[in-house]
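Heads up: the sequence shown begins at 542 in my numbering, then just goes up one per residue.
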Amino acid sequence: MQQSRRSNPYPFTWEIPLMLAVTVLLLLVLGVQAGRAAANLAAGSGVSFPPREAMFTSVPGIIAGDAGAGLPPGVPGGASPAAVRSWVAALELMILLVLCWTGRALWMRWGPHRVHGMASKAEAQGLLGRQRLHRVRAVIRPDLYGKDRA
């Protein structure tokens, strides 16, 4: 009902979806790197990240199970391939869950089917105060508290 009464003068363009896709891709790559670092830390090799140049190019090697892919020479990567894959999978799952939760929250807040112009009960109570809401209840809900009510 409200959607039909409102018009959006700004068309939906490609910038926002591109920004979201790049953000998700960057978070997933950082999750792979963090998973490898956590696997190496659990194996006792310490936390180490690759240089910026190898941040994206080392991802296939890490997914294959190489704990030292992209790391500078002399930095040990002591985790086993199974541990690397397990840590990467666990961190990627956590990142995906947080992304889904955030996406749903954003969609409910600013999506196309949100309710426009309605305050929640707590917002109205905080703005108007409990006593004022009680005093003007016949105006707010005349079907429940109006003078015509039999």
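Note that beta-carbon positions come from the ideal geometry of N, C-alpha and C, so glycine has one too.
Simplified DSSP assignment, three categories, for residue 555: Residue 555 sits at position 14 when you count from the first residue of the sequence shown. In the displayed model, residue 555 falls within coil according to three-state DSSP, outside both helix and strand.
Under the three-state DSSP convention, the category residue 565 falls into: Against the sequence shown, residue 565 aligns to sequence position 24. In the structure shown, residue 565 sits in a helix (DSSP, three-state: H, G or I).
Endpoints, the alpha helix (DSSP H) within which residue 659 is located: On the sequence shown, position 118 is the one that residue 659 refers to. From DSSP, residue 659 is part of no alpha helix (DSSP H); its letter is neither H nor E.
C-beta contact flag for residue 562 and residue 580 at 8 Å: The residue you call residue 562 lines up with position 21 of the sequence shown. The residue you call residue 580 lines up with position 39 of the sequence shown. Between residue 562 and residue 580, the C-beta gap is not smaller than 8 Å, which leaves the two residues out of contact.
DSSP three-state assignment for residue 688, whether helix, strand or coil: Walking along the sequence shown from the start, residue 688 turns up at place 147. In the structure shown, residue 688 sits in coil (DSSP, three-state: anything other than H, G, I, E or B).
Three-way DSSP call (helix, strand, coil) for residue 576 in this model: As a first step, residue 576 must be located in the sequence shown, where it is residue number 35. Shown here, residue 576 sits in a helix according to DSSP, grouped into three states.
Opening and closing residue of the alpha helix (DSSP H) in which residue 633 lies: Position 92 of the sequence shown, counted from the first residue, corresponds to residue 633. It spans 622-651 - the alpha helix (DSSP H) in which residue 633 sits, taken as one unbroken run.
First and last residue of the uninterrupted alpha helix (DSSP H) at residue 675: Translated into the one-based positions of the sequence shown, residue 675 becomes position 134. Here the alpha helix (DSSP H) through residue 675 covers 671-676.
Nonlocal neighbours in the same chain, by C-beta distance under 7 Å from residue 600, ignoring five residues either side: One-based indexing of the sequence shown puts residue 600 at position 59. Taking residue 600 as the centre and dropping the five residues before and after it, the same chain places the C-beta of 570 and 573 closer than 7 Å to its C-beta, in chain order.
Residue from 631, 636, 671 and 590 whose Cα sits closest to the Cα of residue 618: For the purposes of this step, residue 618 is taken as the residue at position 77 of the sequence shown. Checking every option, the nearest Cα to that of residue 618 belongs to 590.
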